[in-house]
Amino acid sequence: MNTTISNSTLKASIKHAGAELFSLKDNQNQEYIWEGNPAFWGKHSPILFPIVGTLKNNTYTINGKEYQLPRHGFARDMEFQLIDKTENSATFSLQSNSETLKKYPFDFELQLIYTLNETTLDIAYKVINKGETKMPFSIGAHPAIALPENFENYSFKFEKEEDLKYSLLENDLISNKTESLQTIENLVPLNYKLFENDALVFKTLESNSLTILENSKPYIKVDFEDFPSLGIWTKDQAPFVCIEPWYGYSDTAENSGDLFEKEGILILDAKQTFNSKFSIQIL
347 MNTTISNSTL KASIKHAGAE LFSLKDNQNQ EYIWEGNPAF WGKHSPILFP
397 IVGTLKNNTY TINGKEYQLP RHGFARDMEF QLIDKTENSA TFSLQSNSET
447 LKKYPFDFEL QLIYTLNETT LDIAYKVINK GETKMPFSIG AHPAIALPEN
497 FENYSFKFEK EEDLKYSLLE NDLISNKTES LQTIENLVPL NYKLFENDAL
547 VFKTLESNSL TILENSKPYI KVDFEDFPSL GIWTKDQAPF VCIEPWYGYS
597 DTAENSGDLF EKEGILILDA KQTFNSKFSI QIL
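In our numbering, the protein residues as written are 347 to 629.
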């Protein structure tokens, strides 16, 4: 099943499977979300929960007991329930169940709230710890922005001038090696060589937003003020780029395996609620 919301400027469509945004069009019918061609990557904008990235050996421990979780967790592969709908907004919910408890022994509710405001789509996350103990988790977004022109016609402009230092991945884990994106007048021209070692992982940034320019003209702005970390990724020769606001990232090789000790993890107290949001603005 799919749900569509709209306003006078935009129309967004979301799958109930994974509560995944798969279309964002303006009133000229231009599509801004990657079509999901599996020849490159068969997703559009999956939710990353209850982990972001990869665990060492795909394994973690809670109170000494081992559990397995795949890369980016399980929420993106589960069916969400539509619990609220207006013309320009939709709220989806995923509740813990016997299946999730085998992989992640915590009682939770995860909500995704999509809201259209003029030329902007806000995507809000709500994580509710329904249990009686502290709950460790990460959460992140993975929207793939469609790039209809040649990849090299695009560039990034970060909100602030800063050292754009990112961590390198080794065997899908965060290494101790870092590099910095080179800027030209505060711009980062896009080319596929940037991603030959997989995603660029920025553990911290001063910038709260990033603008994609198409032929030097503003195209899309992604605002991630609520998120401390950012991933940027594409596949070789693919006509999209993913701008990924994150709380958390892959394990390091030195990680103990205890989820409570994982670098970048969030700890939510019993019966408490976590809120965050990011936005995609059409320029």
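Note that CB positions come from ideal geometry on N, CA and C, so glycine has one too.
Owing to the predicted nature of the structure, the values given are computational and were not obtained by experimental measurement.
| Check | Outcome |
| --- | --- |
| For W592, which beta-bridge partners are listed by DSSP? | G486, S575 |
| Looking at E590 and the ligand FMN, is the gap between the Cβ and the nearest heavy atom below 7 angstroms? | What this structure holds is no ligand at all, so the ligand FMN is not there to describe. |
| For E412, count the other beta carbons within 10 Å of its own beta carbon; 16 or more makes it buried, fewer makes it exposed. Which is it? | exposed |
| May I ask you to report which of helix, strand or coil DSSP gives K402? | helix |
| Taking buried to mean at least 16 other C-beta atoms within 10 Å of its own C-beta, is A616 buried or exposed? | exposed |
| Which residues does DSSP pair with S526 in a beta bridge? | K511 |
| Enumerate in chain order the residues of its own chain whose CB-to-CB distance from A545 is below 7 angstroms, with the five nearest sequence positions on each side excluded. | L515, G577, I578, W579 |
| Using a Cβ-Cβ cut-off of 6 angstroms (strictly less than) and excluding sequence neighbours within five positions of F620, which residues of its own chain qualify? | V473, L614 |
| Report the rounded CA-to-CA distance for K361 versus L440, giving the unit in angstroms. | 13 angstroms |
| Please work out which residues of its chain come closer than 8 angstroms, Cβ to Cβ, to K476, disregarding the five sequence neighbours upstream and downstream, and give them in chain order. | S442, D453, F454, E455, K617 |
| Let's test the definition: count the other Cβ atoms within 10 Å of the Cβ of Q583 and tell me whether it reaches 16, buried, or not, exposed. | exposed |
| Assign P306 to buried or exposed, taking buried as 16 or more other Cβ atoms, counted over all protein chains shown, within 10 Å of its Cβ. | Only positions 347 to 629 of the chain appear in the structure, and residue 306 is not among them; the question remains open. |
| Which runs of the beta strand (DSSP E) at least 3 residues long sit entirely within the segment 435-481? Give them in chain order. | 435-441, 454-463, 466-475 |
| Are L540 and D597 touching if we call contact CB-CB under 8 angstroms? | no |
| Measure from the alpha carbon of E508 to the alpha carbon of each residue in N601, L493, I530, P494, then state which is nearest. | I530 |
| Assuming I564 is part of the beta strand (DSSP E), what are its boundary residues? | Note that residue 564 is Pro in the sequence shown, not Ile. Per DSSP, P564 belongs to the beta strand (DSSP E) from 563-569. |
| Check the DSSP bridge columns for L428 and list the partner residues they point to. | F438 |
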